[in-house]
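A.B. asks:
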Amino acid sequence: MVDKIAKQNVRQIQFLPTFYWYDVGPLDPPAGFDETCSTSDLGGYYCFNRFNATRVQHWCYDRQGLSCQEVTQQNITDLIENLGGCMKHAVDLGFDIAINSRVDDGRALGGWRNTLDFDPLEISENWSYLEAVLYPLADAVRLAAKPSTRVDFVLQGEMGATIFMHPVEWMEVKDAVLERVTAPRPGQPDIEPAQVFFGMAVNNNKLCGCIGIGIEDATEYLAAFPASFNAVKAEFDLPALKALFYDYDFIGKRCELAKSSYAWVWTATHALVNAGIQETSPSPQTNDNLAGISAYVPMRSPNFSICDFEGLMERLDEELSYYDLSLEDLGDDGKEIHFVEFGIGGGTNQAGVGVARTAEQAAYYPFYGIYGAYSCQADPFNMCDLATPSPVRDYRRKYFEGISQYLLQGGCRYRVSTVYLWNLQSWDPQAIYPLPFADAASQAANPTAYYDPVVVATINAHNAEAAARADGCAARAPEAELEAELGVASIVPPAC
Numbered sequence: 016m017v018d019k020i021a022k023q024n025v026r027q028i029q030f031l032p033t034f035y036w037y038d039v040g041p042l043d044p045p046a047g048f049d050e051t052c053s054t055s056d057l058g059g060y061y062c063f064n065r066f067n068a069t070r071v072q073h074w075c076y077d078r079q080g081l082s083c084q085e086v087t088q089q090n091i092t093d094l095i096e097n098l099g100g101c102m103k104h105a106v107d108l109g110f111d112i113a114i115n116s117r118v119d120d121g122r123a124l125g126g127w128r129n130t131l132d133f134d135p136l137e138i139s140e141n142w143s144y145l146e147a148v149l150y151p152l153a154d155a156v157r158l159a160a161k162p163s164t165r166v167d168f169v170l171q172g173e174m175g176a177t178i179f180m181h182p183v184e185w186m187e188v189k190d191a192v193l194e195r196v197t198a199p200r201p202g203q204p205d206i207e208p209a210q211v212f213f214g215m216a217v218n219n220n221k222l223c224g225c226i227g228i229g230i231e232d233a234t235e236y237l238a239a240f241p242a243s244f245n246a247v248k249a250e251f252d253l254p255a256l257k258a259l260f261y262d263y264d265f266i267g268k269r270c271e272l273a274k275s276s277y278a279w280v281w282t283a284t285h286a287l288v289n290a291g292i293q294e295t296s297p298s299p300q301t302n303d304n305l306a307g308i309s310a311y312v313p314m315r316s317p318n319f320s321i322c323d324f325e326g327l328m329e330r331l332d333e334e335l336s337y338y339d340l341s342l343e344d345l346g347d348d349g350k351e352i353h354f355v356e357f358g359i360g361g362g363t364n365q366a367g368v369g370v371a372r373t374a375e376q377a378a379y380y381p382f383y384g385i386y387g388a389y390s391c392q393a394d395p396f397n398m399c400d401l402a403t404p405s406p407v408r409d410y411r412r413k414y415f416e417g418i419s420q421y422l423l424q425g426g427c428r429y430r431v432s433t434v435y436l437w438n439l440q441s442w443d444p445q446a447i448y449p450l451p452f453a454d455a456a457s458q459a460a461n462p463t464a465y466y467d468p469v470v471v472a473t474i475n476a477h478n479a480e481a482a483a484r485a486d487g488c489a490a491r492a493p494e495a496e497l498e499a500e501l502g503v504a505s506i507v508p509p510a511c
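Under our numbering, the first residue of the sequence shown is numbered 16, with each subsequent residue one higher.
1) Which whole runs of the alpha helix (DSSP H) in the region 140–213 are 4 residues long or more, in chain order?
2) Taking its Cβ as the centre, do 16 or more other Cβ atoms sit within 10 Å of R428, making it buried, or is it exposed?
3) Could you pull the start and end residues of the beta strand (DSSP E) that D323 belongs to?
4) For the beta strand (DSSP E) containing I114, name the first residue and the last one.
5) For K350, count neighbouring Cβ atoms within 10 angstroms of its own Cβ and tell me buried if that reaches 16, exposed if not.
6) Quick one: what's got a C-beta closer than 7 Å to A176's C-beta in the same chain, skipping five residues either side?
7) If I measure Cβ to Cβ from K257 and keep anything under 8 Å in the same chain, skipping five residues before and after, which residues do I get?
8) Which whole-angstrom value is the C-beta distance of I308 and I359, which I expect to be below 8 Å?
9) According to DSSP, F265 sits in a beta bridge with which residue or residues?
10) According to the neighbour-count rule (16 or more other Cβ atoms, all chains shown, within 10 Å of its Cβ), is T234 buried or exposed?
11) In three-state DSSP terms, what is S432?
12) Please report the distance separating the alpha-carbon of W74 from that of Y35.
13) Grouping DSSP H, G and I as helix and E and B as strand, with all else coil, what is A510?
14) With a cut-off of 8 Å, do at least 3 Cβ pairs link the region 452–461 to the region 396–410?
15) Report the three-state DSSP secondary structure of W442 (helix, strand or coil).
16) Do you know how far the Cα of H477 is from the Cα of Q23?
17) From the DSSP output, in three-state form, read off Q79 for me.
18) Excluding the five sequence neighbours on either side, which residues of its own chain have a C-beta within less than 6 Å of the C-beta of I114, listed in chain order?
19) Quick one: measure Cβ to Cβ for E231 and L423, integer angstroms, because I've assumed they're closer than 8 Å.
20) What is the C-beta distance between D394 and Y448, in whole angstroms, given that I count them as a contact (C-beta under 8 Å)?
21) At which residue ranges does the region 316–399 contain complete beta strand (DSSP E) runs of 3 or more residues, listed in the order of the chain?
22) In this structure, what does DSSP give as the bridge partners for S309?
23) Beta-carbon within less than 7 Å of Y410's beta-carbon, same chain only, minus the 5 sequence neighbours each way: which residues are those?
24) Tell me the rounded alpha-carbon separation between I474 and K413.
25) Give the straight-line distance between the Cα atoms of R430 and E333, rounded to the nearest whole angstrom.
26) Report the three-state DSSP secondary structure of V118 (helix, strand or coil).
27) Ignore the nearest five residues each way along the sequence and tell me which others in L450's own chain have a CB closer than 6 Å to its CB.
28) Taking all protein chains shown into account, do 16 or more other C-beta atoms lie within 10 angstroms of the C-beta of L342, making it buried, or fewer, making it exposed?
29) Does the structure place the region 133–149 close enough to the region 78–87 that three or more beta carbon pairs sit under 8 Å?
30) Have a look at the DSSP bridge pairing and note the partners of H73.
31) Kindly identify the DSSP beta-bridge partner or partners of I28.
32) Determine which residues share a DSSP beta bridge with F452 and list them.
33) Assuming L98 and T69 make a contact with CB atoms under 8 Å, what is their CB distance in whole Å?
34) With distances taken Cα to Cα, identify the nearest neighbour of T197 among T403, A147, D154.
35) Exposed or buried, which one is N364 when buried takes at least 16 other CB atoms within 10 Å?
36) If contacts are defined as beta-carbon pairs under 8 Å, then M174 and R117 qualify, I think. What distance do you get, rounded to the angstrom?
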C-alpha cells in the first residue's frame, strides 16, 4: 500500500495499527442478556457500549474468532520489525510518517473502543497499554525515522472514555513515549523532540464515551446532552482534562468505523498511510500545535455550502464547552486541526450492508459504508456502469470538490490544516486498500472497485495547489513570522 500511495500527490503517510483489548465480559448483565450480542442496540448494555460494563483482562495482537491471546514478547518483536520496516520504506521514499493507534474488541462482539474505560498505565495480566501497544510503536518509529522526518503520533485513536477518565495518566504516557522515541540510537542520529508531534484523535461527538451512546443523530444528541452531563459532571477532573488537551499537540477527529490490523493509507492536506489532501499553508514547526478530529461530515442536504463543512466542528465545540474547552481556543493556542478520517462511504447503516441510492442518503450518512467483497450490485457509486447516471457518484465528486474549496479558502470560522481519507472498503476512491471481489462478473466489469478518477484528479490538483502555496509561503517565512508576532495575521490568508 505504501507503494500505491507513492503514486499519489502526498507528502506524509499515516499508519493505523489496530490492536485488541480482551475484556472480562459483562460485569453485571441484566436479566435476559444476550451473550452473543446478536440482538443488541447501540445504547444497550455491554455489547456496543462497554462503559461501566467491563474491564480489560489483557491486550492482544491477533484475534482468532472469538478468542484473543495475550500479547507475547515475540509478538512485540515481530511487530517492531515488520511495522518499522514498512515505515522505513515510506521514509526512504521521502514521506513523513504518522501513527494513529487504536484498539478493537478482542471478543468480536462489536464493542466500541470509544466507550472503553481503562488506565493506560495499569498492568492487565502482564502488560499495560503503554507497554503492549505504545512502546512497540515508538520502537518501530525509532527504526524508521531520519533526522528530517516529521512524526505525528496519535496514542489513542477514538478512545474517549480512557482520555476523559484518566487525563493525568495520559499526560504521563505522552512524556514516556516521547522519551522512548528520542532515546539515543547507537550508530544513528537521534530523533529530536521537535520532530515528534502528539495528537488525540477524538470522535466527533460522544467525546467521553459515556453519555448518550445510543443516540445516532448529532442534533438529538446535543439536545439531550446537558441533563446527562450534569448528572455525571462530578466524575471528571476538569482542570486535569483541560491541561491534557493543551499538553498534546493536535486534536484528531475520528468516527467508529475503523476496522484494521496493520495500516491504511489516506490522502491528506499534509500528506499522511491514509493518503490525503494537503494543507494550504505550512504551520510553524513546533511540537505544540496539533489537534485531530475524525470528520465524515454529514450534510442535511446534498446542496450544501462550503462553510457547512464546519457544522461538525461547531457541534464538537458545543460539546467541548461543557468541559471548559473550546476548539477555537485550542486553535488560538496554536493547535492544528487534523481531520484524521474523512470520506463518504455510500452506506445507510452500521452493519455495512445498506446501500445509499440517493444523494440525500449519501449526504446524511457519510460515516456508513459497504463492507465485504466488492460487487457491482452493492456499489453505491455504480462505478461498474459510468454511462448510467448515479446521484450518489455525483455527490461524492461534489463532496471532494467542496472540501478542496473549503481548504483552499482557509476555512470559515475554523482552519483545518490536514485531511486524511479513509481508504478502506467503499470509502476508498483511490483504490489503495486491496479488496476481494464477490464474483467474476464484477471483477471483469470494474477491476478497480470504488476507484473514481474524477475524485483522484480533484485530490491531486488540490495537493498541487496546496504545495505551491506552501512553497510560496516558505519563501516569505520571515515576513509571515513578523506579521504573526505583531498580531496582524491572526487568520492566515488563503494565499498562505
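By construction, the Cβ of each residue, glycine as well, lies at the ideal position given by its N, Cα and C atoms.
C.D. replies: With the structure as the only source:
1) If we require 4 residues or more, the alpha helix (DSSP H) runs fully inside the region 140–213 come out as 150–159, 175–180, 182–196.
2) Indexing the sequence shown from 1 puts residue 428 at position 413. Looking at its Cβ environment, which holds fewer than 16 other Cβ atoms inside 10 Å, R428 is exposed.
3) As a working mapping, residue 323 is identified with position 308 in the sequence shown. Careful: D323 lies outside any beta strand (DSSP E) and carries neither H nor E.
4) As a working note, residue 114 is residue 99 in the sequence shown. 111–115 is the extent of the beta strand (DSSP E) around I114.
5) Taking the sequence shown and counting its residues from 1, the one referred to as residue 350 is at position 335. K350 comes out buried.
6) Against the sequence shown, residue 176 aligns to sequence position 161. So the qualifying residues of the chain are F66, N129, T130, L131, D132, C223, G224, C225.
7) For the purposes of this step, residue 257 is taken as the residue at position 242 of the sequence shown. Taken in chain order, the residues that qualify are Y338, D339, L340.
8) For the purposes of this step, residue 308 is identified with residue 293 of the sequence shown, where counting begins at 1. For the purposes of this step, residue 359 is identified with residue 344 of the sequence shown, where counting begins at 1. The beta-carbon distance between I308 and I359, rounded to whole angstroms, is 16 Å. This is too long to meet the 8 Å contact definition.
9) Walking along the sequence shown from the start, residue 265 turns up at place 250. DSSP output for F265 lists G214, E351 as bridge partner(s).
10) Working through the sequence shown from its first residue, we reach residue 234 at position 219. Exposed is the call here.
11) The count along the sequence shown starts at 1 and reaches residue 432 at position 417. S432 falls in the strand class under three-state DSSP.
12) Here residue 74 corresponds to residue number 59 of the sequence shown, with the count starting at 1. Here residue 35 corresponds to residue number 20 of the sequence shown, with the count starting at 1. Those two C-alpha atoms are separated by around 6 Å.
13) Against the sequence shown, residue 510 aligns to sequence position 495. Only weak support is given to the placement of A510: the predicted model assigns it a pLDDT of 39, under 50, and the question is left unresolved by the model.
14) yes
15) As a position in the sequence shown, residue 442 is number 427, starting the count at 1. The answer is helix: DSSP assigns W442 an H, G or I state.
16) The sequence position of residue 23 within the sequence shown is 8, counting from 1. The sequence position of residue 477 within the sequence shown is 462, counting from 1. When the Cα atoms are used, Q23 and H477 turn out to be separated by approximately 12 Å.
17) Here residue 79 refers to the residue found at position 64 when the sequence shown is read from its first residue. Three-state result, Q79: strand.
18) In the sequence shown, counting from the first residue as 1, residue 114 sits at position 99. Exclusion of the five residues before and after I114 leaves F30, L152, F168 as the residues of its chain whose Cβ lies within less than 6 Å of its Cβ.
19) For this step, residue 231 is matched to residue 216 along the sequence shown. For this step, residue 423 is matched to residue 408 along the sequence shown. Not a contact, Cβ separation roughly 32 Å.
20) Here residue 394 corresponds to residue number 379 of the sequence shown, with the count starting at 1. Here residue 448 corresponds to residue number 433 of the sequence shown, with the count starting at 1. D394 to Y448, Cβ: 15 Å. No contact.
21) Uninterrupted beta strand (DSSP E) stretches at least 3 residues long and entirely within the region 316–399 occur at 351–357, given in chain order.
22) Counting from one through the sequence shown, the residue named residue 309 turns up at place 294. According to DSSP, S309 bridges with E356.
23) For this step, residue 410 is matched to residue 395 along the sequence shown. If we look at Y410 and ignore the five residues flanking it on each side, its Cβ neighbours are P317, A374, A377, A378.
24) Locating residue 474 in the sequence shown gives position 459, where the first residue counts as 1. Locating residue 413 in the sequence shown gives position 398, where the first residue counts as 1. Each residue's Cα considered, the two are about 12 Å apart.
25) Within the sequence shown, residue 430 is the residue found at index 415, counting from 1. Within the sequence shown, residue 333 is the residue found at index 318, counting from 1. Near 17 Å, if we compare the C-alpha coordinates of E333 and R430.
26) Taking the first residue of the sequence shown as position 1, residue 118 is located at position 103. Note: V118 maps to strand in three-state DSSP.
27) If you number the sequence shown from 1, residue 450 lands on position 435. Cβ neighbours of L450 beyond the five flanking positions: Y389, A464.
28) Counting from one through the sequence shown, the residue named residue 342 turns up at place 327. Result: buried.
29) They touch, by the three-pair rule.
30) In the sequence shown, residue 73 corresponds to position 58, counting from 1. Paired residue(s): Y37.
31) Within the sequence shown, residue 28 is the residue found at index 13, counting from 1. DSSP output for I28 lists I112 as bridge partner(s).
32) As a position in the sequence shown, residue 452 is number 437, starting the count at 1. In the DSSP output, where bridge partners are listed per residue, F452 has Y389.
33) As a working note, residue 98 is residue 83 in the sequence shown. As a working note, residue 69 is residue 54 in the sequence shown. Wrong, their Cβ atoms sit about 28 Å apart, outside the cutoff.
34) On the sequence shown, position 182 is the one that residue 197 refers to. For T197, the nearest C-alpha among the options comes from D154.
35) Taking the first residue of the sequence shown as position 1, residue 364 is located at position 349. Looking at its Cβ environment, which holds fewer than 16 other Cβ atoms inside 10 Å, N364 is exposed.
36) Along the sequence shown, read from residue 1 onward, the residue named residue 174 stands at position 159. Along the sequence shown, read from residue 1 onward, the residue named residue 117 stands at position 102. The pair is a contact, with the Cβ atoms about 7 Å apart (cut-off 8 Å).
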